[in-house]
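Input: a single structure, listed below in structure tokens.
Numbering (our numbering), first residue to last: 35 to 175.
Given below as structure tokens:
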């Protein structure tokens, strides 16, 4: 039996596709970098949308560039809403709020911690093997 999606889920998915296309094709700010819309959450009455995005910037000062990207997107909200109104059939065009999705960054940090723990365990195991060998040599003497 097919899974049914609520109206807000369908609207969120359509909004995600449209916003991603508008940002890709219409907003021509080189400071924006590569933006990926990861999720859109709609209010029950479809009047508000929170748009989660991740931004990839070439360079080292990621926090500053993320702040800059959110300012650019928030300044372009009126334009994006106007384009959405033109592209979709909806009685109400939702207000938009952009939020940085830091799950990719948190995932990379978690991956790094796991790798460090594995390396530490491997070093400890090697130290234990050497300690066991030393004890065996001392007992045999």
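Ideal Cβ positions, reconstructed from N, Cα and C, are used throughout, including at glycine.
Just so you know, these numbers come straight off a predicted model, no measurement behind them.
Inset, instruction - Take the Cβ of residue 152 as the centre, count every other Cβ of all protein chains shown within 10 Å, and call the residue buried at 16 or more, exposed below. - result: exposed
Inset, instruction - Could you check the C-alpha separation between residue 41 and residue 148 for me, to the nearest Å? - result: 40 Å
Legend entry - Coil, strand or helix - residue 116 by DSSP: helix
Inset, instruction - Given a cut-off of 8 Å, decide if residue 89 and residue 69 are closer than it, judged by their beta-carbon atoms. - result: yes
Inset, instruction - Could you say which of 156, 126 and 160 lies nearest to residue 49 if we only look at CA atoms? - result: 126
Inset, instruction - State yes or no: is the C-beta of residue 76 within less than 8 Å of the C-beta of residue 124? - result: no
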